[in-house]
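What follows is one structure encoded as structure tokens, with my remarks underneath.
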Amino acid sequence: MTQVTMTVNGKAVSGEAEGRTLLSQFLRDGLGLTGTHVGCDTSQCGACSVHVNGKLVKSCTMFAVEADGAEVLTVEGEADEDGTLSTIQQAFQDHHGLQCGFCTPGMVMATKSLLAANPKPTEAEIRAYLSGNICRCTGYHNIVKAIMAASGQDVSAIAAE
Amino acid sequence: MPADGGIGASTKRREDVRFLTGNGNYTDDINANGQAYVYFLRSEMAHAKINGIDTSEAEKMDGVIRIFTGEDFTEVGGVPCGWEVTDRFGNAMQEPRHPILAHGKARHVGDPICAVVAETLEQARDAAEAIELDLEELPAVIDMKDALKDGSPKVHDELESNLCYDWGFVEENREAVDEAIRNAHHVTTLELRNNRLIANPMEPRVAIGMFDRTTDEHTLYTTSQNPHVIRLLMGAFVLGIPEHKLRVISPDVGGGFGTKIFHYAEEAFCTFAAKAVNRPVKWTCSRSEAFVSDAHGRDHVTKIELAMDEDGNFLALRTDTHANMGAYLSTFAPSVPTWLHGTLMAGNYKTPLIYVNVKAVFTNTVPVDAYRGAGRPEASFQLERVIDKAAYEIGKDPIELRRQNFITEFPYATPVAVEYDTGDYNATMDKMIEIADLAGFEKRAAESADNGKLRGLGVNCYIEACGIAPSNLVGQLGARAGLYESATVRVNATGSISVMTGSHSHGQGHETAFPQVIADMIGIDASQVDIVHGDTSKVPMGMGTYGSRSLAVGGSAMVRATEKIINKAKKIAAHLMEASEGDIELKDGQFTVAGTDKSVAWGDVTLAAYVPHNYPLEELEPGLEETAFYDPANFTYPSGAYACEVEVDPETGKVTIERFSAADDFGNIVNPMIVDGQVHGGIGQGIGQALLEQAVYDEDGQLISGSYMDYAMPRADDVPFYTVDHSCQTPCTHNPLGVKGCGEAGAIGSPPAVVNAVVDALRRAGQDITHIDMPLTPSRVWQAMQS
Numbered sequence: 001m002t003q004v005t006m007t008v009n010g011k012a013v014s015g016e017a018e019g020r021t022l023l024s025q026f027l028r029d030g031l032g033l034t035g036t037h038v039g040c041d042t043s044q045c046g047a048c049s050v051h052v053n054g055k056l057v058k059s060c061t062m063f064a065v066e067a068d069g070a071e072v073l074t075v076e077g078e079a080d081e082d083g084t085l086s087t088i089q090q091a092f093q094d095h096h097g098l099q100c101g102f103c104t105p106g107m108v109m110a111t112k113s114l115l116a117a118n119p120k121p122t123e124a125e126i127r128a129y130l131s132g133n134i135c136r137c138t139g140y141h142n143i144v145k146a147i148m149a150a151s152g153q154d155v156s157a158i159a160a161e
Numbered sequence: 162m163p164a165d166g167g168i169g170a171s172t173k174r175r176e177d178v179r180f181l182t183g184n185g186n187y188t189d190d191i192n193a194n195g196q197a198y199v200y201f202l203r204s205e206m207a208h209a210k211i212n213g214i215d216t217s218e219a220e221k222m223d224g225v226i227r228i229f230t231g232e233d234f235t236e237v238g239g240v241p242c243g244w245e246v247t248d249r250f251g252n253a254m255q256e257p258r259h260p261i262l263a264h265g266k267a268r269h270v271g272d273p274i275c276a277v278v279a280e281t282l283e284q285a286r287d288a289a290e291a292i293e294l295d296l297e298e299l300p301a302v303i304d305m306k307d308a309l310k311d312g313s314p315k316v317h318d319e320l321e322s323n324l325c326y327d328w329g330f331v332e333e334n335r336e337a338v339d340e341a342i343r344n345a346h347h348v349t350t351l352e353l354r355n356n357r358l359i360a361n362p363m364e365p366r367v368a369i370g371m372f373d374r375t376t377d378e379h380t381l382y383t384t385s386q387n388p389h390v391i392r393l394l395m396g397a398f399v400l401g402i403p404e405h406k407l408r409v410i411s412p413d414v415g416g417g418f419g420t421k422i423f424h425y426a427e428e429a430f431c432t433f434a435a436k437a438v439n440r441p442v443k444w445t446c447s448r449s450e451a452f453v454s455d456a457h458g459r460d461h462v463t464k465i466e467l468a469m470d471e472d473g474n475f476l477a478l479r480t481d482t483h484a485n486m487g488a489y490l491s492t493f494a495p496s497v498p499t500w501l502h503g504t505l506m507a508g509n510y511k512t513p514l515i516y517v518n519v520k521a522v523f524t525n526t527v528p529v530d531a532y533r534g535a536g537r538p539e540a541s542f543q544l545e546r547v548i549d550k551a552a553y554e555i556g557k558d559p560i561e562l563r564r565q566n567f568i569t570e571f572p573y574a575t576p577v578a579v580e581y582d583t584g585d586y587n588a589t590m591d592k593m594i595e596i597a598d599l600a601g602f603e604k605r606a607a608e609s610a611d612n613g614k615l616r617g618l619g620v621n622c623y624i625e626a627c628g629i630a631p632s633n634l635v636g637q638l639g640a641r642a643g644l645y646e647s648a649t650v651r652v653n654a655t656g657s658i659s660v661m662t663g664s665h666s667h668g669q670g671h672e673t674a675f676p677q678v679i680a681d682m683i684g685i686d687a688s689q690v691d692i693v694h695g696d697t698s699k700v701p702m703g704m705g706t707y708g709s710r711s712l713a714v715g716g717s718a719m720v721r722a723t724e725k726i727i728n729k730a731k732k733i734a735a736h737l738m739e740a741s742e743g744d745i746e747l748k749d750g751q752f753t754v755a756g757t758d759k760s761v762a763w764g765d766v767t768l769a770a771y772v773p774h775n776y777p778l779e780e781l782e783p784g785l786e787e788t789a790f791y792d793p794a795n796f797t798y799p800s801g802a803y804a805c806e807v808e809v810d811p812e813t814g815k816v817t818i819e820r821f822s823a824a825d826d827f828g829n830i831v832n833p834m835i836v837d838g839q840v841h842g843g844i845g846q847g848i849g850q851a852l853l854e855q856a857v858y859d860e861d862g863q864l865i866s867g868s869y870m871d872y873a874m875p876r877a878d879d880v881p882f883y884t885v886d887h888s889c890q891t892p893c894t895h896n897p898l899g900v901k902g903c904g905e906a907g908a909i910g911s912p913p914a915v916v917n918a919v920v921d922a923l924r925r926a927g928q929d930i931t932h933i934d935m936p937l938t939p940s941r942v943w944q945a946m947q948s
């Protein structure tokens, strides 16, 4: 067991981890931050996506000990302190970009990363960017629409929501 | 209706807030004090005799609490099947025992043999690796037709053969159908596979069993679409726990699509083990494990024949299907290829004579059961593909051939038992043609050709039977349960309302949509209404969510209970206003006396009910809470017309979906935004089936597509934006909301559209291709083009 320390959503946190403990497990079990979800064991699904030192990372692909000293952002840190949803979160709600909610934390973190790098992505760019995030419920239509809306683009021309 | 929030409003979902902020309460997020963890050691052989299990080394390892094998479960019931099908000779289906842990033999890769309970999951897993299994590999039964040959190894030695049942429907019509086909002017024949799929909801299954020795009560948290069904099946038929001592809770569930309906061995194990070791026992399925333990879907091999006269009128239809049950009978499995498939073979058409034969077969594969659409996608696919082929063979336009055979008078009694209440198939066809801009297709095809691509157009109709189901009817057909739904509407003193519903939401948005209905009926704001679901201690017995039944059946129960509430509230209002009950009207949350300006608010009436000082106590009990159980009079019959345009790259065979249009008739709609989302999701899954997905077994029964690396899940760049329309509405005639349900339609109507489109693309390029089996991978399309 090793003591692992990192900053999560701006707060310094510390916990114990084995060498083999994944960052996803550390967040969920060690820190009780269960917003990051585990949907697969081969790093395809993206439900575990977080930001580590500014980069979009699937937290199942990192050991907790590798994130020692890192700045981590999870979905729990996305809304304001008073609970006001962020622009991205509000866009997902406005456009029904989620159904069961399980892939959603990963989608939110991926969107955050996409829009930081590409403030006005096209439909094709969004779809390509989401290749690491699988959703089974929505058929992606409203997720793509929500992301375009979150980026400030006009989505009224997109076929019926 | 209130300004925002009643029936017809696209109210944003209140459940989104917790999902978007990471505050969902999924089963794996839940941890019990002192919980232990279980790891299942599963068979890596498809078929093997279990000659011995040596757990001695494993038991000594750190943290191990107890190791269970099949020997520990010989005194309890096996996993039950909830539907008994009678074969065409009047005999009951062959029904094997399904032990909680494999006993004597392992029958599929993934069959659980041992369960290690330990302090941590890692310790359980480590100990499992130290278990010595003495397995003697047996030949695997994988191909269904081989499984039925004389001399085939048997999956279940105690059964006569690998044939679960040989079902014929309607058996009395068989000869007439055969004769009509013999004498027909033209018969179109098609052989096809409906590919085996894995539902893969993004949340893997989880179960947490708990036992309280002080109260002798069991609790099971599980990722189920129907906690009451689990309580009934597990309590009554497996573990012998009386229902009032067993609480089953399904909290937030991350998608189901049918796979989370069934009672699984792991649920019974965790419940049993929690008492045995006196610790809560938690199981979290890994995705790789899910591939070999979640029920699979579809997996039919079908031959279909459509007989027509010289004008293209459908005379008769005959189908012959082998349906894979897998190694054991999952909860609903026998009903899927029979009652949920055979009864849909009329489709939207007036075909007078229909015969369906289904042979259900045991194989050494994961059990197969319902998956989004459950039998109806299989029916629609074969019907709409053979019609497409027929149109080509006789030189008729595929839309015109369908139109001339449409049912146009309702109610319509099909020759396959079901009676359609209402519909207008020409309307949805017209609407589809409009929204899909079929008129512009040739121009788009020319543009595709300029880019070196082959463009194709596929059109189809579908109808489906959902809103399941009338209990009497399904009982006669072999169901071992009723299919009603329940609702308790509890009005609080201050006017807010709690609705305890037997329906369960795992993405469908009930917490938002159900209050819209009550808001409409009473005229209060939807935010005043709260939905409670998923806990058998809080909600009366209900059957859960699947078969597109939540609004049609669950919503109807809620309406009936609310009607009782309104009736009683009017009596109270009449007393308060010293008027006659018959003169009381309720609108926008106000009770008024007709023809006067007397009124009293909803909140005043509800307060009076609980503080009955000015109250007709001699005639009326205080309180304002009513329950209703609603048993539907019939299935509901959503229908529609779909169009798909594809581009095929002739060099690589790769297919891209360029346009997808869906015109659906769902009857009345409560929340259009949610309905469209359901259609989008269904289409996404249908495109997945048509182009990408397949659960593949090799001849030894190894699941080659055992993870997301090899099982191609549709991603955002595999699909376009969809054009969906639900403005054609013929309300259901037999439920109070007039709703038909919409959850599965997209997955039912879309695969034929995609395949029809690809075949069309290849035909336009001069290839004489009549069918390609799904999934239409680049390799398959390319191969088809070479021959």
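Residue numbers (the working numbering), protein chains in the order written: chain A, 1 to 161; chain B, 162 to 948.
Note that CB positions come from ideal geometry on N, CA and C, so glycine has one too.
Excluding residues up to 5 positions away in sequence, A360, P362, Y532, R533 lie with their Cβ nearer than 7 Å to the Cβ of B/F418 in the same chain. For A/F92, the residues of chain B that pass the 8 Å Cβ criterion are D177, L181, in the order they occur in the chain. Under the DSSP assignment, B/R820 falls in the beta strand (DSSP E) whose first and last residues are 816-826. Shown in chain order are the members of the region 413-425 of chain B whose Cβ falls below 9 Å from a Cβ of chain A: D413, V414, G415, G416, G417, F418. Residues of the same chain with a CB within less than 7 Å of the CB of B/T188, apart from the 5 flanking positions on each side, are V367, I369, Y382, T383, T384, P412 in chain order.
In this chain, the beta strand (DSSP E) harbouring B/V409 covers 407-410. Listed along the chain, the chain B residues whose CB falls inside 7 Å of the CB of A/F26 amount to none; the nearest CB is some 13 Å away. B/F250 is classed as exposed because its beta carbon has fewer than 16 other beta carbons within 10 Å across all chains shown. Less than 8 Å divides the Cβ of B/C275 from the Cβ of B/I214. Counting other Cβ atoms within 10 Å of its Cβ, B/K614 reaches 16 or more and is therefore classed as buried. Taking the Cα of B/A713 as reference, the smallest distance to any Cα among B/A755, B/A735, B/S664 is reached at B/S664. Following the DSSP letters along the chain, one finds B/I835 inside the alpha helix (DSSP H) bounded by residues 833-848.
Against chain B, the beta carbon of A/E76 has neighbours under 9 Å at T182, G183, N184, listed in chain order. Within the same chain, R268, V302, N323, A488, F523, T524, N525 come within 7 Å of B/V316 by CB-CB distance, once the 5 residues on both sides are set aside. Residues of chain A whose Cβ lies closer than 8 Å to the Cβ of B/I835 are, in chain order, H96. In this structure, DSSP gives B/K557 a state outside helix and strand, which the three-state scheme calls coil. Unbroken beta strand (DSSP E) stretches of 3 residues or longer found wholly inside the region 228-294 of chain B: 273-279, given in chain order. With contacts defined as CB atoms closer than 8 Å, B/C903 and B/F827 qualify as a contacting pair. Residue pairing by DSSP places B/I624 opposite B/S800 in a beta bridge.
The region 686-700 of chain B makes no contact with the region 768-786 of chain B, as fewer than three CB pairs between them are under 8 Å. In the structure shown, the three-state DSSP call for B/N212 is strand.
Judged by beta-carbon spacing, B/H457 lies within the 8 Å limit of B/V527, meaning their Cβ atoms are closer than that value.
Going by beta carbons, B/C325 and B/A521 fall inside the 8 Å limit. Counting along the chain, A/K11 sits inside the beta strand (DSSP E) bounded by residues 11-17. Under the three-state reduction of DSSP output, B/L505 falls in the helix class.
Residues of chain A with a Cβ closer than 7 Å to the Cβ of B/K173 are, in chain order, Q93, D94. The Cβ atoms of B/A789 and A/I143 do not sit closer than 8 Å to each other.
In its chain, beyond the 5 residues on either side, L85 have a beta carbon closer than 8 Å to the beta carbon of A/Q93. One finds M363 in chain B with Cβ atoms closer than 8 Å to the Cβ of A/A47, taken in chain order. The residue from B/I465, B/A477, B/T235 with its alpha-carbon nearest to that of B/L400 is B/T235.
Straight-line measurement puts the Cα of A/H37 at about 13 Å from the Cα of A/V57.
For B/I658, the uninterrupted beta strand (DSSP E) run begins and ends at 658-662, by DSSP. Excluding residues up to 5 positions away in sequence, L514 lie with their Cβ nearer than 6 Å to the Cβ of B/A337 in the same chain. Contact of B/F602 with chain A is not assigned, every C-beta pair being separated by 8 Å or more. By the rule that beta-carbons nearer than 8 Å mark a contact, A/L73 does not touch chain B. With distances taken between CA atoms, A/G101 lies nearest to A/A47 out of A/R20, A/G83, A/A47, A/G132.
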